[in-house]
Structure formats: structure tokens, C-alpha cells
Amino acid sequence: MAEEPAAAGAAHEYPTIDPSFDVVLCGTGLPESVLAAACAAAGKTVLHVDPNPFYGSHYTSIPLLSLASFLSPDPSPSSSTVAAAATSGSHTVVDLHRRTVYSEVETSGAIPELARRFTVDLVGPRVLYCADEAVDLLLRSGGSHHVEFKSVDGGSLLYWEGCLYPVPGSRGAIFSDTTLKHTEKFVAYKFLKVVQEHIAATSASADERGEEEDAAMISEEDLYRPFVEFLNQHSLSAKMRAVVLYAIAMADYDQDGPEPSDKLITTREGIKTIALYLSSIGRFANAEGAFIYPMYGHGELPQAFCRCAAVKGALYVLRMPVAALLMDEEKKHFVGARLASGQDISCKRLIIDPSYKIPTLDVPSDDSNSNFPRSVARGICIFSKSLKQGTSNVLVVFPPKSLEEKQVAAVRLLQLSSNLAVCPSGMFMAYLSTPCTDASAGKHCIKKAIDALFSPQPQDSDGFEGHLESTSESTDDMKPTLIWSCVYVQEITQGTSTSGSSWSCPMPDENLDYRNILESTKKLFADIYPDEEFLPRNSAPVHGDDDSDSAE
Amino acid sequence: MATRRRMLLKVIILGDSGVGKTSLMNQYVNKRFSNQYKATIGADFLTKEVQIDDRLFTLQIWDTAGQERFQSLGVAFYRGADCCVLVYDVNVTKSFEKLNNWREEFLLQASPSDPENFPFVVLGNKIDVDGGNSRTVSEKKAKAWCASKGNIPYFETSAKEGFNVEAAFECIARNAIKNEPEEDMYLPDTIDVGGAGRQQRSSGCEC
């Protein structure tokens, strides 16, 4: 029902769009973009809009100079002329408002030269495992044609007792590691052997599994116990334990902490991540280590999926906010969206960026939103010397308590170089994050980590050339000098469903990879279209051929 | 040089909706034309092997996938283009007037290292329509614009009849090669998760 010619005249240059779609998505973050590609691949008609002039929403990579205004947007006066909850025709119009998802933004230092050539991720620090689901989805959707990657060639480092130690990526690497004591090596080697034999045995199907494999498997009972207990059985040294827990199994919270329960990872979870880590190493011939990073930044990933959706017929309109939602008369379902152009679009399903507040409907809320706020503190640093000599890109993990006694969660840092085309040559960027419930504690922790690895900018009073002799005091003080940094806190929200007609996508989480985000995106899709397959394997578009051969 | 792998050249085609971008690609690559217009669906890019002066190249021609309709092409689309083809419809003045916007949009988004000399090629398409009687943009006018923008090569084409399409794309390929920097591997060690030879592509543009 496309009435409403009233506002159309006022809109300048806003083109008219078809009045009806199966699915309308607002916001082009990674989850929305993957959903758009999946809906389009399932043959649905898709309208995908974004209020910004660029793709990616909270998953984008933006020019350094635009960061401040993105993190602290002007409180946009709801420019919509529509009265809240006005009734027009058969449906009720409810204004849509955005909430603030970033807080405590604090920058220091001078914006570097060539600022235009720095591109900043909003999801950092983040990488893909060579063998993870994100890579698989890119292949299945055809998005892999639009993104190129480079290795995190420096591998991972563990911050331990004030120094950085390499994280071995294989049993062989344990032996060549000169920082380990002989007994440490032996114990670590034995532990990794147990884990690898378990992985090999579980990947064999039940009938081809012999007694030998059965014996190699870790017992069910052990698998459900906390991973830390399993590690304790193997008497790893404290440092190796930290390596396994926080730099390979990627546990977030202190596994020896006083408040256990939900913060402890199980042996099953720990081993799953170790298996992913090990299978990632060597998956691509020219990838060094387990992790890869998209050239030009993470903002390329949503664009790749949007392009796949577009190729399958989805309609894309940037610079187009959704001003209001349309509800049916009983206010039980959403039936469409009013675009900022004034045009009403009817749709069966509405998928919305997490920064929009979805108005409540007159139905009992079914989502189990006992959502106590979850947040992640993030940091961004610019400097001009690699943290690890001779490598471009490197991951650093600060286990809980490594920075100070009250540090409750691990801090992860990812250093990126100009070989990823995210900064000018000779410069480096680092992203840090740590999960937090208290914003100031999270920020404090990020700052501690920055202080641990970088020297502060020289004061203005010092001549800038004079820093060489002035820092002669400690010999190991070869820390890179921080040029610019920004620390802020981001709210994390999960994907949610409202009465089977609208869905909200997850915000970038505190993890290093996209596994949880894609898992919840997949669940959203199953909820949105229970009968459709999620990006079936053959959904990549064919190249080099005309569409006339495909039965339309 | 002899042992060098076949080089991939990325060509993107820009212009208003309905000027015949997809038809031109299809005519060139598949020697096919369909009268039925549908806003582009189904093709990501088309590839064609070309031989230029004894060297083999793979021309990868990228379609806008309809994202041009609301000026919603993302920056990733423009990245690494070796040549940009600007298309207008000689029967629609507005599509000609928009060429300047498309050119500027390209330079802004792709930010090629040498914008002054980045290779563009302009195609005036649909010269077959109504025997040329419905034409609203003269060849002279189009050539004057091309001259004013650093002598952009100009071709008048008919995707429907296949007129001048081959010649236009040969010029496009030659210009794309010219854009190739001497040390051709700006990104020598990127990982292509799809396993296709995308890493062979040089990157004409860096941001």
C-alpha cells in the first residue's frame, strides 16, 4: 500500500524506490551484509539502506580524520517531521531513534602527518583464522573475489613478567623456541601431543576409529571440566599455561579467578579453539601463522557481502536513513519502514542496525533480554617502529594480572603495518581491546597495556631530535614512541528478534575473530527464513557468463 | 619477462543506469546482446583473455551490479582498477552530463597515485537507436569534453550491433597496461583465500 505522496515532493533528489520488498535492512554492518547476501541468494527481494555515505556501519574502516565524529556523533535532532506514533491509513508510524553505543572517547597526541592515509577499524583488534567460518562464508558467497588478505606474519607474542615471548605455533616451534627451558619444552610438547591426538581421533568418523584412536581421546568427563583443571593435570609451567589459555585458546577472563562459573572455558571449548588454530597454520601456502587480515581493513568484508547481495539483485541505497517504522493496526507487527525521503516501503521482514532503538510492540516480549550491559574497551595507537623487529603485523596477548593485580581480563593487541594499506609506509597501527563491565576499569586496563609497550610522546618542551641521549637510562627501553592514541568504550549487544517481524543485529564483540558474530548471524537467518538454507555452497555467482543461461 | 605469469587487469565500467554498461561487456566477452533490459543481476565480473603485443593478459571487467543506481558503489569496488571506462547514452543528454560526476567519484574513491594520468576511456553508446535520429549529444561535444580532461580516448559504440566494441576494448586493455607500474607487484604476497590468481593483479590504486 503505497500512499503517502505528501512528503515525496519535499525530498530533494531522493529517488523513488519500489514500494515493496520481502526484506528491508538498515545498516550495513557485517551481520546485516551477510544477511542481505543470504536473503538475496535465497531469491528474496532485498532493499538495503544505510544512513552513512559509506558501507560497514559499526564494522567499517574509516579515515582517521572521521573517527572522532563517528564515535561522538552530533545528537541528531530527529529531523523527521512525522509525529511520533501518528496513524496513517492502515498502519501506525513510530519514529525510530538511535542510541549512543560509544562512550568515554579520549584521544591524545598529535594527528600524524599524512592523516588522510590512515584507515581505522572499528572492530579492532580482529583477525580471521585461515580455517574459520568467515573464510568459508566468503568462499561460499563469492565474496572472496573482493577481499585480499595478508598474514599476521609476526605470529603471536605473550606479555609475561614485563617481556614479550613468542607463542609457539606447532610442536616443532616449541623446540626451536630459545626462551623456553628444557623441561618446559618437554612438558609443553607432551601436552600438545595429547591435544593433537584427540583432535585427530575426533575428526575420524566413529566406524574408522580403532581402539588406538579411542584411547587417544580425552574423556567426556574431562571435556566438560574447566580447561584450566585439565591444564593443571599436565603440569605446564605458569608461562606455558598462560600461552595456552590466553594466546591460543583465547580465554578472556582470568581462569584462576575467585569468581568461577560462566567465565571459565571448558576443555571442550579450549580444544576447539586450539584445533582451529592448528588447522589454520599452513592452510594457505603463502600465509605465515594462523591469522590473516584483510587488505585495506575490516571494512572490506561488509562491502564484499553487499556486493554479493547486489549481484543477486539486492537494491542498495547509501545516505538513506530509516526515519520510522510502520506497525500494523494492532501494533503487533512491523509491516514496513518510512525512509528519510518520506517514502514508505512495505516489507515482511525488517532487519536493523544495533544502534537503532526498536520501539516496543504491544506484545509480551519474548526475548530473554536480561541484558546487563556488556562492553568492550578499545584502543587505537599510531607509532613508527614495529613492536617486534623484522615483522610487519603481530598479535600481543596480555594475560589477566600480567599488567597489574586487578586486571581481570586478557588484553589483546594487534599491530598492523603499511603492507596492509591501512597506513603510510614506515608507520604502524595497533588496536587493543579488553572486555569490561565497568567502563573506566576497561579503559584503565587498555591504557596500562599501552604504557607497557610504548613510550609516551616527548613533551613539547623537549626538542624533538633530542630524545636519543635522554632515554639512555634503561637498556631495554627501545619501546616505540606513541604518536597518537585513542581509547574508548563500546557497548556490545546481541542479535535479537521482535515478534517475528523485525530483527536487530549484533554489535562487534570483544573477540579476536568473527566466529560468534557469524554464529549469531546464522541463527538470525534461521529465525528470519526457517525454510531457507543459509548461503548454500553454490550461491557464488558465476563469472564470465551471461545471465541468459541461468533459468530465470 | 618471459617467465612472468599472465597478468590480470581490472577494468571497471561506470555510467548512469541504462546506458548499456552490461550490454557492452556482454557484447565484447560473449558476443551476445539482449534487448530486454534488466538492471544488472547475476554477473560479478566477466573475464576475457587478450593478447597485446605478444603478451597475454586477462581482462577482468567489473560491472556495477546495479549499485550505481543510487550512487551506492563502495570504495572496495574501485580499488585496484587499472582502467576506468565511462559510458553514456548518446540519446540521453543527462547521462553525458553525469560523466563528470562519475569521473570525479572514481578519482575520489580509488585515489590513484597519479590522478592526472590515470587511464579513462569514454564510450558513447546506443548510436544505432532510431538510425541516429534521436541523438542528443553530438560527437563533437563529447570529444571536446574528453579533450578537456586530458585527452581521454573516445569511442562511439553500439552494443546492440557490436559496432566499435572490439576496438574500444582493445584501447581499454592497452590503456590498462600502461597504468601498470614498472615493478608490477605492489602487493606481492597477498593471500587469496579463493585460490584463484587474484594476487597476480597489480594494484593501480592505493588509498
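For the record, the sequence lines run as chains G and S. Mapping to the working numbering: the first sequence position 107 is 107, numbers consecutive. Mapping to the working numbering: the second sequence position 42 is 594, numbers consecutive. Idealized CB from N, CA, C, for every residue including glycine. Quantities reported herein were computed from a predicted structural model and do not represent experimental measurements.
Asked: Cβ-Cβ distance between G/S417 and S/I743 below 9 Å; Found: no
Asked: Cβ of S/S624 within 9 Å of any chain G Cβ; Found: yes
Asked: Beta-bridge pairing of S/I604 - partner residues as DSSP gives them; Found: S/R607
Asked: Interface flag, S/Q619 vs chain G, CB-CB below 9 Å; Found: yes
Asked: Candidates G/A238, G/K388, G/S402, G/H48: closest to G/M478 by CA position; Found: G/K388
Asked: Exposure label - S/R607; buried when at least 16 CB within 10 Å; Found: exposed
Asked: Identity of the residue in G/D438, G/I380, G/F454 nearest G/P120 by Cα; Found: A quick correction: the sequence has Val, not Pro, at residue 120 of chain G. Among G/D438, G/I380, G/F454, the Cα nearest to that of G/V120 is on G/I380.
Asked: Secondary structure of G/G336, DSSP reduced to three states; Found: strand
Asked: For S/C759, the three-state DSSP class (helix, strand or coil); Found: With a pLDDT of 37 at S/C759, under the threshold of 50, the predicted position of this residue should be treated as unreliable, though the coordinate-derived value follows. Looking at S/C759 - three-state DSSP - the assignment turns out to be coil, as it is neither helix nor strand.
Asked: Contact under 9 Å by Cβ, G/G124 with G/D353; Found: no
Asked: Proximal chain G residues relative to S/I743, where beta-carbon distance stays under 9 Å; Found: C130, E148, F149, K150, S151, F284, A285, N286, A287, I292
Asked: Proximity to G/L64 [Cα-Cα], best of G/C423, G/C308, G/E32; Found: G/C423
Asked: Host beta strand (DSSP E) of G/H182 (start-end); Found: G/H182 -> not in any beta strand (DSSP E); alpha helix (DSSP H) instead, spanning 182-203.
Asked: Near-chain G residues of the stretch 624-640 of chain S - C-beta to any C-beta below 8 Å; Found: S624, G626, V627, A628, F629, R631
Asked: Host alpha helix (DSSP H) of G/L30 (start-end); Found: 30-41
Asked: Residue-chain proximity (G/V311, chain S), Cβ-Cβ < 9 Å; Found: yes
Asked: Proximal chain S residues relative to G/V228, where beta-carbon distance stays under 8 Å; Found: Going along chain S, no residue has its Cβ under 8 Å from G/V228, so there is no contact; the nearest lies around 34 Å.
Asked: Interface positions of the stretch 132-144 of chain G facing chain B (Cβ-Cβ less than 8 Å), listed along the chain; Found: This model lacks chain B altogether, as its protein chains are G and S.
Asked: Own chain residues within Cβ distance below 6 Å of G/P51, not counting five before or after; Found: P321
Asked: Pairwise C-alpha distance: G/C163 and G/C445; Found: 17 Å
Asked: Assigned exposure category for S/I564 - 16 Cβ within 10 Å defines buried; Found: buried
Asked: Integer-rounded CB distance, given that G/T266 should sit under 8 Å from G/L223; Found: 7 Å
Asked: Exposure of S/N670, with buried meaning 16 or more beta-carbon neighbours within 10 Å; Found: Here the sequence assigns Phe to residue 670 of chain S, which means Asn is not the residue at that position. Answer is buried; the Cβ neighbour count reaches 16.
Asked: Neighbourhood of S/V602 by C-beta distance below 7 Å, restricted to the same chain and skipping five residues each side; Found: F609, L611, A725
Asked: Cα-Cα separation, S/V581 to G/R307; Found: 21 Å
Asked: Check: S/D634 C-beta below 8 Å from any heavy atom of the ligand NAD; Found: Summarising the ligand content, the structure contains no ligands, and the ligand NAD is consequently not present.
Asked: Distance between S/S710 and S/A719 (C-alpha atoms, nearest Å); Found: 12 Å
Asked: Contact residues within the stretch 188-208 of chain G, judged by C-beta distance below 8 Å to chain S; Found: none
Asked: Within chain G, partners of S/G702 - CB distance below 7 Å; Found: Within chain G, no residue comes near S/G702; the closest Cβ sits about 23 Å away, beyond 7 Å.
Asked: Per-residue DSSP class, three states only, for S/V681; Found: helix
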